[in-house]
Structure formats: C-alpha cells, structure tokens
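Read the structure below first, then the notes.
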Amino acid sequence: MLLSQKQDAVLTYQRMLDVAGSTEDRVRVAHALFRLAEVQERAYEHEQSEATRQTALALATEADAPHLLMRYHFSLGHHYLVSGGIDRADHHLHLMEEYALAEQDDRALMDARRYRSYLAIWQGRYGQGLDLAQDVMQRARAAKNAPLELVGHWLHGYALTERGEYARARDMLLAGLDLREAIGEHHFYVARIRNSLGYLHREIGDLEEAMRWNRASLEINGREATHGAIECACYSLLDLAANSLAAGRLDASADYLQQYDAMSQGNMYARYRGAQPGDVAARRTCIGPAGIFARPGACHAGNGGGRARDDAQEHGPQSAAAGRCAARLGPPGSGS
Numbered sequence: 025m026l027l028s029q030k031q032d033a034v035l036t037y038q039r040m041l042d043v044a045g046s047t048e049d050r051v052r053v054a055h056a057l058f059r060l061a062e063v064q065e066r067a068y069e070h071e072q073s074e075a076t077r078q079t080a081l082a083l084a085t086e087a088d089a090p091h092l093l094m095r096y097h098f099s100l101g102h103h104y105l106v107s108g109g110i111d112r113a114d115h116h117l118h119l120m121e122e123y124a125l126a127e128q129d130d131r132a133l134m135d136a137r138r139y140r141s142y143l144a145i146w147q148g149r150y151g152q153g154l155d156l157a158q159d160v161m162q163r164a165r166a167a168k169n170a171p172l173e174l175v176g177h178w179l180h181g182y183a184l185t186e187r188g189e190y191a192r193a194r195d196m197l198l199a200g201l202d203l204r205e206a207i208g209e210h211h212f213y214v215a216r217i218r219n220s221l222g223y224l225h226r227e228i229g230d231l232e233e234a235m236r237w238n239r240a241s242l243e244i245n246g247r248e249a250t251h252g253a254i255e256c257a258c259y260s261l262l263d264l265a266a267n268s269l270a271a272g273r274l275d276a277s278a279d280y281l282q283q284y285d286a287m288s289q290g291n292m293y294a295r296y297r298g299a300q301p302g303d304v305a306a307r308r309t310c311i312g313p314a315g316i317f318a319r320p321g322a323c324h325a326g327n328g329g330g331r332a333r334d335d336a337q338e339h340g341p342q343s344a345a346a347g348r349c350a351a352r353l354g355p356p357g358s359g360s
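The sequence shown runs 25 to 360 under the numbering used here.
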C-alpha cells in the first residue's frame with residue numbers, strides 16, 4: 025500500500041473495531057484490534073501498533089482462543105523485530121512456535137521458524153539460523169509452497185554469506201532464484217535474493233558483479249508502484265551508491281543517492297535503511313571529506329544484520345578483489 029492508502033486503511037479498520045466493540049464477543053473485538061494493529065504497523069505508527077496489539081493479546085488470552093494467540097504472538101514478534109526489541113521478538117516467536125506445534129498448524133510453524141532464523145542470523149547464531157531455514161525449506165517444499173520455499177533459500181544463503189561460505193551461499197541463492205518461474209519476477213523475495221547476490225559479491229570484493237545484481241533487481245522493481253517493490257528498489261539504489269563509492273566513482277554514488285532520496289519518500293522502512301551507519305557515511309563522503317566506510321547490507325538485511333566494513337582496507341584495488349573472487353568463489357554465476 026502507498027502511504028495515503030495506508031492512512032485510509034487505518035480509518036477503515038478503526039470503523040471495523042467500532043462495530044466489533046458494540047458486541048460482547050471478545051474474539052471478534054480481538055480480531056478487529058489485530059487487523060488495526062497490522063495496518064498501523066504498515067503506516068509506521070509503531071507505538072500505536074504496539075499498544076493495539078497488547079490490548080488484542082489480553083482479550084485473546086481472556087477468551088482462551090489458541091488460534092488468535094498464535095497469530096498475535098507472531099504479530100508481536102514481527103513488531104519487535106522491525107522496531108528493535110530483539111529479546112521481546114524472540115520471546116513472542118517462541119510462544120508462537122509452541123502454539124503452532126500444539127495446534128498442528130504447519131503454515132504458522134513455518135512463519136515462526138523463518139522469523140526465528142532471521143533473528144538467529146542477526147545475532148550471529150548462524151548454525152541455528154541454518155537449521156531453521158532448512159526446516160522451512162523442507163516443509164514448504166512438501167507443502168508445494170514455492171514462496172515460502174524461496175524464503176528458506178534466501179535465509180539459508182544469507183546465513184552462509186555471513187559465515188563466509190560464499191560458494192555454498194551463491195549456490196543456495198541461485199537455486200532459490202530458479203523458483204521465480206513459479207511465483208513471478210516481482211515477488212519481494214526474488215528481489216531480496218538478487219540484492220543478496222550483490223551483497224555476497226561485495227563481500228568478496230567483486231564490485232562489478234555486485235552492481236550487476238543490484239541493477240538486475242532495480243530494473244524490475246524500479247518499474248513497480250507497489251510498496252514492497254519500491255522498498256527493494258531503494259535498497260538496490262543504496263547498495264549501488266555504496267559500491268560505486270568503494271570503486272571510486274563519486275559522481276555515480278551521488279546520483280544513486282539522489283535517486284534513493286526521491287524514491288524513498290513515504291517508505292519508512294527504506295528510510296530506516298538510509299539511516300544505517302554505512303549509508304550515512306556514503307552520503308558524507310559524496311558531499312565532503314570522510315573515510316570510505318559503507319555497509320553493504322542490501323535488501324536481504326532489512327533493518328538489521330550485515331557488517332560495516334572499511335572498504336579502503338577490506339577491498340583494496342580492483343585487481344586484488346578479482347584475485348580474491350577467483351580464490352573464494354570459483355567461476356562466476358551465469359544469468360540474473
């Protein structure tokens with residue numbers, strides 16, 4: 025949803041809550057509160073969303089409705105994950121997983137474990153992140169759920185990249201990309217995988233290949249008007265700015281940042297990413313004296329994860345980067 029549409033949706037769900045509140049049905053009221061909280065979250069009203077969810081959770085607990093409690097714990101886990109409450113996110117995701125197992129709800133179990141995998145990777149628990157990602161992939165494949173199978177591939181590739189297993193990470197991400205034929209080029213996680221392949225090649229110092237993957241993602245998502253497409257296009261632009269900066273192309277880096285500024289208006293998650301330390305540093309370098317310090321975290325990292333790097337020390341000359349690429353990764357992948 026675009027920002028104006030989100031604000032309209034908040035009003036719509038507020039009216040739904042008013043109707044539900046005229047009844048004595050706690051489950052109905054809790055459900056309406058849950059929907060309102062979701063829309064508040066997407067309208068970047070995080071404090072209101074948290075308060076609405078807590079009220080809904082209390083009502084669901086009173087009504088003893090396990091299916092609602094399961095979804096609300098997932099909602100709260102997601103809320104704290106994107107707003108920085110990592111420990112609270114972990115608590116609610118564990119509770120959701122317990123409810124999903126008790127209710128034998130495989131789809132909810134996959135949702136809980138994919139977010140727990142993401143959280144584990146952020147915290148450097150790569151082995152646990154890999155195990156959870158593998159579980160999601162296997163369950164999704166058995167259920168013939170290609171979108172969630174793709175998410176499992178992305179998480180698996182992300183964890184392997186962070187652990188420095190670049191060849192395995194590339195194979196996993198490319199295998200996930202093959203699923204785009206089943207779910208379409210414009211799926212959010214197809215863009216994430218392309219940007220993650222850019223991040224992987226940035227990590228090994230192959231800036232040209234990194235930018236090729238970022239451009240491939242931008243070429244598709246830059247044409248779309250959906251909120252998710254705009255968000256991923258913004259991440260591509262930020263990575264292109266950081267990679268251009270690392271390659272010494274200051275004019276190109278400044279141009280990508282200007283495109284990002286124009287495109288990210290009204291997309292708060294993209295603006296959060298623009299406030300990450302490396303991206304702020306890229307801006308400073310383009311407009312005045314500063315060290316080259318750019319975080320490559322791409323769309324795969326969302327609002328967290330990734331590692332800031334001193335590019336002047338880490339990547340060095342392009343010739344050295346090419347040597348590292350051949351040694352760590354082997355023959356480059358084909359196609360995008």
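The beta carbon of each residue, even a glycine, is placed where N, CA and C say it ideally should be.
query                                                                                                                                                                        : result
Quick check: R138 and V106, are their CB atoms within less than 8 Å of each other?                                                                                           : no
Given the structure, does A191 come close to the ligand GDP, in the sense that its CB is under 7 Å from one of the ligand's heavy atoms?                                     : By its list of ligands, the structure shown contains no ligand whatsoever, and the ligand GDP lies outside what it can speak to.
Give me, in chain order, the residues of the same chain whose beta-carbon lies closer than 7 Å to that of A183; leave out the 5 immediate sequence neighbours on both sides. : I145, Y150, G153, L154 and A157
Please give me, in chain order, every unbroken run of the alpha helix (DSSP H) with length at least 4 that falls completely inside the segment 182-235.                      : 190-201, 204-207 and 212-227
Given a threshold of 16 other Cβ atoms within 10 Å of its Cβ, counted over all protein chains shown, does T76 qualify as buried or as exposed?                               : buried
What are the start and end residues of the alpha helix (DSSP H) that includes S288?                                                                                          : Premise fails: S288 is in no alpha helix (DSSP H) and is neither H nor E.
Taking 6 Å as the limit between beta carbons, can you name the residues of its chain near Y142, skipping five residues before and five after?                                : none
Give the DSSP-derived three-state secondary structure of E173 in the structure shown.                                                                                        : helix
DSSP three-state label for R149, please.                                                                                                                                     : coil
Let me confirm a value: E65 is counted as buried when at least 16 other C-beta atoms fall within 10 Å, else exposed. Which label applies?                                    : buried
Just to confirm the assignment, what range does the alpha helix (DSSP H) spanning Q78 have?                                                                                  : H70 to A87
Using three-state DSSP, classify Q282 as helix, strand or coil.                                                                                                              : helix
Can you tell me whether DSSP reads Q162 as helix, strand or coil?                                                                                                            : helix
Cα separation between P90 and A84?                                                                                                                                           : 8 Å
Helix or strand or just coil, what does DSSP make of D129?                                                                                                                   : coil
Please name the residue in Q147, A82 and E86 whose C-alpha comes closest to that of G108.                                                                                    : Q147
Looking only at its own chain, which residues have a Cβ that is under 6 Å from the Cβ of E227, when we skip the five neighbours before and after it?                         : none
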